[in-house]
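Asker: So the sequence shown is numbered by the numbering used here: it starts at 77 and just counts up by one.
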Amino acid sequence: MKKFRKVLDGLTTSSPGGTIGSPSCGSAAGTPTTAPTPKEIDVQETLVSENFQLCKTVRHGFPYQPTALAFDPVQKILAVGSRTGGVRILGRPGVDCYCQHESGAAVLQLQFLINEGALVTACADDTLHLWNLRQRRPAILHSLKFNRERVTFCHLPFQSKWLYVGTERGNTHMVNIESFILSGYVIMWNKAIELSTKTHPGPVVHLSDSPKDEGKLLIGFESGTVVQWDLRCKKADFRIYYDEAIHSVSWHHEGKQFMCSHSDGSLTMWNLRNTTKPFQVTFPHGKIQRDGRKESCKPILKVEYKTSRSSEPFIVFSGGLSYDKAGRRPTLTIMHGKAITVLEMDYPIVEFMVLCETPYNNEVQEPSAVVVLLEKDLIVVDLTQSNFPVFENPYPMDIHESPVTCTAYFADCPPDIIPILYSIGAKHKKTGYSQKEWPISGGTWTLGSHTYPEIIITGHADGSIKFWDASAITLQMLYKLKTSKVFEKPKPGEGRAADLVEEDPFAVQMVSWCPQSRIFCVVGISAHVILYRFSKYDANTQIVCLDVRLQCESDDVITPSENENNPCFPEPGSHSPQPQHPASPSSGTPEGIKDSIPCLKVKDRVVRVPPGYQAELVIQLLWVDGEPPQQITTLDINSAYGLLAFGNCNGLAIVDYLQKTILLCMSTLDLYGAADPYQRLTRSPRRNRQSTSGLTELSDNQQSIDMERSKSPTSVKGPGRKLSLPTDLKTDLDHVNGHCTSPTSQPLAGKPRVPMGPEGPRLTRRGPGRPPFRKAQSAACMEISLPVSHTEGYASRRAMLQQFHGVTMYSHDEHHITSPYCWSERESRENSFSRSRSSSVSSIDRDTKEAITTLQFGESYGRKSDALPTPCLWVGTSLGVVVLIPMSIPTDQEERMEEPVTIGPSGMVLMLKGSVLRFGFLDCMGAVIQSPYETWRDLNAPEDPDRPRRRKLVHFSPSSSQDACGDGHLAVVCSERQAKVFLMPSQSCLFVHNITESSFVLRADVVSVCNSVCLACFCANGHIMTLSLPSLRPLMDVNYLPLTDMRIARTFCFTNGGQALYLSSPTEIQRITYSQEMCDNLQEMLGELFTPIETPEAQNRGFLKGFFGGNANTFDREELFGEAAAGKASRSLAQHIPGQGGMEGMKVAAGGAVGDLARARIALDERGQRLGELEERTALMMTSAETFSKHAHELMLKCKDKKWYQF
């Protein structure tokens, strides 16, 4: 706890450079002024460091780069391994757990200890791990690292304590599951094959015990050799040699025959009575050609042979198609009797598994479904119906349906928004799914007590928007919106479409959503803004389109005009609510040069829109003299004001979306007026040559600069420039929305801006034939690998960061940009980084551009002399400048729709180091002041004469919680380098904190945690920090994420309640918390993976079958593989590594006593129930025995005196 009483108290603890009157925190023109002493401020700060702890909560989406699959048929849970060492364990909806191997090695194979609550993983670094699933956070109990051999295949028989491990050398080892120690019993490859064989059989690709006799182990080698090994006698029963390589083997449940799949696309059936040759060879997809030869087919990678009581056996396999048909999709084939069904998949098949009713391999299998793991999807096929429908997947596996380009996270939403979005979205769901219940139904999950409505919004490269219900750490899609429906489809070959990159013209760049008013704004990569309103009714509507000319040029240098100090604002009568149509491309420009046309064409006809979000207004930036518009860098909307503001590297525009007019359109420099903190010549967006009623006319002497949009900053050579980031990172970070300002390359305070004269350097203009946009940059496909030479050999991480952040300079030739793994050629090209709304990674070219980086509407004081707060727009730029624009908005509803909004000249300029990222407002008691909003009203609802539809506004005045109106409020401003707290209206800088010197902040937000507020920051070096408000005391600083992953920087979002999220892979969303309270309650919110279930009893085999079927039940593996019989294995062969699961399990057990008591009670109930059943069974047996004894005695008496011939 800390109290601060006066303004000067905070200045003593602030960082250097934060004194009152310095240019970095001074008044309007950046000159030192003596700030008036405000009334004593008394804020009780309740947040302390103990309130914060950083941990991962849950991961949503499809496992990235999957490699392995396993299923527990008793617990009914599914495990998926990935190439990056991750394991996802899935059960019923809500049961979703993510585990990660520290080594990061790919998971090759997964094996459940069926109904034991444990999982074995085999990784590419030849290490076996045993995971404990009996705790909500699984942990590794044991690890076994093979030193001399590479693991290729594992097999764990049901209810066995010994794991069979096959290696690349062809040997088979036995591992004790309980101790994770190797047995001395080894099946050497040269003992398994015949001595006369001169070639090595290859790696072990299959291991399985015979259903007929557990003492017989079937070993499949890659070369085509199959050996059945008698474990007791330590010799081979038979050996099979086949010409084609083997990929998989599957037993018939009786153990008399098995099936193999081969590399030539064939299936062979083998009978144990005659192993000299297969009794059946089939090419399921190989046709006989005219010359009598079979078509060459692709390998069958896996086959499963499952029997059924009521029908013919099922043979399910992947691959085997003929080579002659190029471009065919991957297939899964189901052979049932004489019927062959081929299921085409959208993506390559990684693995599949047939789900059966019984865990015993010697019983009739009764297959019910097939789980198919694809490269980018997980599907389950219902085998019980003849048409083989798929199940509806309850997990959010389609986040990556189109690459994610932006994210937004909203916690504590209005409670009615989720049900209504779900009801609208449910009408558009697909049909044709299986009617049966989802078969992966294991685990338990209950709705925790600490839940509140949460919504995640994802924007995608195809222009679609998805709303997700993220309450209670789950994820379920609510509603999907397609922004591309607003535009006409560009026809290939047309003039406009030919010059555009047509792959992703509708890609979503950022979103802005007001949950209370349900107004939604989308910013697209083609420099357009779409405003949507929500309605429960369908409607016929015509979309209004506004065109904005916001482009700069550098042809001429001008002298400051007489109106320089007064920015050009629109006249009230110069606006018309009519939509603006683009001018002809040829008007006023030379032939062939585009001018005054947008990048996309909006539908100009009346369209029928369904219930949900309906487009009302489209704002597009126009081409100017063959130059494409710059991408929009920031946007804010306020439903109470009815205003929308957006900016880019050229300037700022404010739109009245109620009257459908443009209120303001000018360059960043013109916003300053006389308060420009830099010495530079005035430039502004080009004046429109055609008089358009809705566009603001700028003065005649205003010009601006033009810059090549996608030019790499390293291609512009400047004297003495240092790079603040490593060059290989910088190349990706610099192409941010087409503008660049290096966040850390130059200090701002006191350095005048160098004017660009005719003799100065000039950038090459883009020719009219060059495409204006590169492909939409998917946030899901941005991975940067640092060169090894840059990261090795450093004495410490600090030295490495110093090297990265400007101590040394790399040349352009040293760039190494790689994409370690991309699923398609399309994604491999997506290696540049374009940022979301709050991220402010920018370019080192400060000398030419000053971008608008953040905007915020709110009630504030435009000037020091203001006594009452008025509507204002806070503007932050890439040079660390904050401009405040006051506005006058009519309050009456009728006047608001008719009278124009008046924008006053900017009266305040504040300065910070680095690009401005975020604004936040607090009252003088330290509570957050929310932006005013309009409550939602359905404009398409039927008119009610008794209740007219009027706007209902909700305002949060800065002085609402104080006695005097003159107390003002606190403004929190965060930039890439520092945070400041200003007192309004005096503009006094109360507190300053330099967040980072070696890096820069990517994302910052004022968030509520533990009934208080703080400033949360995410830095480019991977640190996550929290600062108290308003004193800016550091509360938490955790080095959490790697520096090299640009996808995270693109999609990182903070929200209230101490939560955040980011795109951890192209297909997965990772949610984290930095709240100690949520970390404490996390165990309660997570699902239980293991539930106590009695193992099903084996079927009665019958007397004759048991007598003649071998002595499988008497097979004792411990007697064969134990240390007493087999001895110890060589210590150099494998190394045992104890895991941390024991300690973590104890902590979890200590923290979850209630769950343990519940489980103990369930176990006692089950034990009592079993005892009761046993007692009843005993009584029945006694009664039966008495009856049998009675009948036997009667029979004895009856036959006592009879002779033998009388029978």
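Glycine included, each C-beta is placed from N, C-alpha and C at the ideal position.
Let me know the secondary structure DSSP gives Met1272 once reduced to three states.
Answerer: Here the question's residue 1272 lines up with position 1196 in the sequence shown. Correct three-state label for Met1272: helix.
Asker: Would you check if the region 1150-1158 and the region 502-509 touch, i.e. whether three or more CB-CB distances between them fall below 8 Å?
Answerer: no
Asker: What residue range does the beta strand (DSSP E) around Leu931 cover?
Answerer: Counting from one through the sequence shown, the residue named residue 931 turns up at place 855. Segment 928-936, the beta strand (DSSP E) holding Leu931.
Asker: Sort out for me which residues DSSP pairs Ala194 with in a bridge.
Answerer: For the purposes of this step, residue 194 is taken as residue 118 along the sequence shown, with counting starting at 1. According to DSSP, which records beta bridges pairwise, Ala194 is partnered with Leu189, Asn208.
Asker: Could you tell me which of Lys414, Ile364, Leu408 sits nearest to Ser387, measuring between CA atoms?
Answerer: Working through the sequence shown from its first residue, we reach residue 387 at position 311. Ser387 has its Cα closest to that of Lys414, out of Lys414, Ile364, Leu408.
Asker: Is any heavy atom in the ligand MG found nearer than 7 Å to the beta carbon of Leu1196?
Answerer: Looking at this structure, you won't find the ligand MG or any other ligand, since it has none at all.
Asker: Compute the distance between the beta-carbons of Lys476 and Phe138, then report whether it is under 8 Å.
Answerer: Position 400 of the sequence shown, counted from the first residue, corresponds to residue 476. Position 62 of the sequence shown, counted from the first residue, corresponds to residue 138. Contrary to the premise, residue 476 reads as His rather than Lys in this sequence. Yes, Cβ-Cβ distance for His476 and Phe138 is below 8 Å.
Asker: Assuming Gln592 is part of the beta strand (DSSP E), what are its boundary residues?
Answerer: Within the sequence shown, numbered from 1, the residue matching residue 592 stands at position 516. Per DSSP, Gln592 belongs to no beta strand (DSSP E) and is neither H nor E.
Asker: Taking the continuous beta strand (DSSP E) assigned at Gln1216, which residues delimit it?
Answerer: Working through the sequence shown from its first residue, we reach residue 1216 at position 1140. Run containing Gln1216: none; DSSP gives neither H nor E here.
Asker: Among Ser125, Arg369, Glu439, Pro149, which residue has its Cα nearest to the Cα of Ala1174?
Answerer: Within the sequence shown, numbered from 1, the residue matching residue 1174 stands at position 1098. Ranking Ser125, Arg369, Glu439, Pro149 by Cα distance to Ala1174 puts Glu439 first.
Asker: Any idea what DSSP makes of Leu607, helix, strand or coil?
Answerer: Here residue 607 refers to the residue found at position 531 when the sequence shown is read from its first residue. Under the three-state reduction of DSSP, Leu607 is assigned to strand.
Asker: Taking just the CA atoms, how far does Ala1202 sit from Phe390?
Answerer: Mapped onto the sequence shown, residue 390 falls at position 314. Mapped onto the sequence shown, residue 1202 falls at position 1126. In this structure, the CA atom of Phe390 is about 40 Å from the CA atom of Ala1202.
Asker: Do you know how far the Cα of Glu579 is from the Cα of Arg902?
Answerer: Taking the first residue of the sequence shown as position 1, residue 902 is located at position 826. Taking the first residue of the sequence shown as position 1, residue 579 is located at position 503. Here the model assigns Arg902 a pLDDT of 42, short of 50, so the residue's position is not dependable, and the following value carries that caveat. Take the alpha-carbon of Arg902 and the one of Glu579: they are about 9 Å apart.
Asker: Would you tell me roughly how many angstroms separate the C-alpha atoms of Ser919 and Gly723, rounded to the nearest one?
Answerer: As a working note, residue 919 is residue 843 in the sequence shown. As a working note, residue 723 is residue 647 in the sequence shown. In this prediction, Ser919 has a pLDDT of 37, which is less than 50 and means its spatial position is unreliable; what the coordinates show is noted afterwards. So the two alpha carbons sit approximately 16 Å from each other.
Asker: Going by CA-CA distance only, name the one from His205, Leu232, Gln211 that's closest to Leu220.
Answerer: As a working note, residue 220 is residue 144 in the sequence shown. Looking only at His205, Leu232, Gln211, the smallest Cα-Cα distance to Leu220 is reached by His205.
Asker: Under a Cβ-count criterion, where at least 16 other Cβ atoms within 10 Å of its own Cβ denotes burial, should Arg349 be classed as buried or exposed?
Answerer: Here the question's residue 349 lines up with position 273 in the sequence shown. So Arg349 ends up on the exposed side.
Asker: Could you spell out the range, first to last residue, of the beta strand (DSSP E) harbouring Gly727?
Answerer: Counting from one through the sequence shown, the residue named residue 727 turns up at place 651. It spans 727-732 - the beta strand (DSSP E) in which Gly727 sits, taken as one unbroken run.
Asker: I'd like the span of the beta strand (DSSP E) that includes Glu1160, first residue to last.
Answerer: For the purposes of this step, residue 1160 is identified with residue 1084 of the sequence shown, where counting begins at 1. It is not in any beta strand (DSSP E) - Glu1160 instead sits in the alpha helix (DSSP H) that spans 1152-1161.
Asker: Can you look up Pro495 in the DSSP assignment and give me helix, strand or coil?
Answerer: Counted from its first residue, the sequence shown places residue 495 at position 419. Pro495 falls in the helix class under three-state DSSP.
Asker: Can you tell me whether DSSP reads Cys167 as helix, strand or coil?
Answerer: Along the sequence shown, one-based indexing puts residue 167 at 91. The residue you asked about is not Cys; residue 167 is Gly in the sequence shown. DSSP places Gly167 in coil when its eight states are reduced to three.
Asker: DSSP state of Thr534, grouped into three classes?
Answerer: Working through the sequence shown from its first residue, we reach residue 534 at position 458. If DSSP states are grouped into helix, strand and coil, Thr534 belongs with the strands.
Asker: So, is the C-beta of Glu1251 closer than 8 Å to a C-beta in chain C?
Answerer: Of the chains in the structure shown, none is chain C; there is only one protein chain.
Asker: Hey, quick one: how far does the alpha helix (DSSP H) through Asn1016 stretch, first residue to last?
Answerer: For the purposes of this step, residue 1016 is identified with residue 940 of the sequence shown, where counting begins at 1. Careful: Asn1016 lies outside any alpha helix (DSSP H) and carries neither H nor E.
Asker: Is it buried or exposed for Val682, if we count other Cβ within 10 angstroms and need 16 for buried?
Answerer: Within the sequence shown, numbered from 1, the residue matching residue 682 stands at position 606. Val682 is exposed by the Cβ-count criterion.
Asker: In this structure, does DSSP put Asn1070 in helix, strand or coil?
Answerer: Along the sequence shown, read from residue 1 onward, the residue named residue 1070 stands at position 994. Strand, per DSSP.
Asker: Please work out which residues of its chain come closer than 6 Å, Cβ to Cβ, to Phe645, disregarding the five sequence neighbours upstream and downstream, and give them in chain order.
Answerer: Here residue 645 is taken as the residue at index 569 of the sequence shown, counted from 1. The predicted position of Phe645 is uncertain, since its pLDDT is 43 and thus under 50; a value taken from the coordinates is nonetheless stated next. Around Phe645: Ile979.
Asker: Rounding to the nearest angstrom, what Cα-Cα distance links Asn191 and Lys152 in this structure?
Answerer: For the purposes of this step, residue 191 is taken as residue 115 along the sequence shown, with counting starting at 1. For the purposes of this step, residue 152 is taken as residue 76 along the sequence shown, with counting starting at 1. Approximately 9 Å, taken between the alpha carbons.
Asker: Please name the residue or residues paired with Trp305 in a DSSP beta bridge.
Answerer: Along the sequence shown, read from residue 1 onward, the residue named residue 305 stands at position 229. In the DSSP output, where bridge partners are listed per residue, Trp305 has Leu293, Ala312.
Asker: Considering Leu1302, what are the terminal residues of the alpha helix (DSSP H) in which it resides?
Answerer: In this structure the chain extends from 77 to 1283, so residue 1302 is not present and cannot be described.
Asker: If we ignore side chains and look at the alpha-carbon of each, how far apart do Tyr528 and Asp488 end up?
Answerer: In the sequence shown, the residue the question calls residue 528 occupies position 452. In the sequence shown, the residue the question calls residue 488 occupies position 412. For Tyr528 and Asp488, the gap between their C-alpha atoms comes out near 6 Å.
Asker: In three-state DSSP terms, what is Lys1266?
Answerer: By one-based count along the sequence shown, residue 1266 stands at place 1190. DSSP places Lys1266 within a helical segment (H, G or I) once states are collapsed to three.
Asker: So, with DSSP's three-state summary, where would you put Arg1126?
Answerer: Here the question's residue 1126 lines up with position 1050 in the sequence shown. Arg1126 falls in the helix class under three-state DSSP.
Asker: Given that a residue counts as buried once 16 or more other Cβ atoms are within 10 Å of its Cβ, and exposed if not, what is Pro479?
Answerer: On the sequence shown, position 403 is the one that residue 479 refers to. Buried is the call here.
Asker: Helix or strand or just coil, what does DSSP make of Glu330?
Answerer: Within the sequence shown, residue 330 is the residue found at index 254, counting from 1. Glu330: coil per DSSP, three-state reduction.
Asker: Any idea what DSSP makes of Met973, helix, strand or coil?
Answerer: Your numbering for residue 973 matches position 897 in the sequence shown. Per DSSP, reduced to three states, the secondary structure at Met973 is helical.
Asker: Thinking C-beta only, is Cys1090 closer than 8 Å to Leu1105?
Answerer: Looking up residue 1105 in the sequence shown gives position 1029. Looking up residue 1090 in the sequence shown gives position 1014. Yes.
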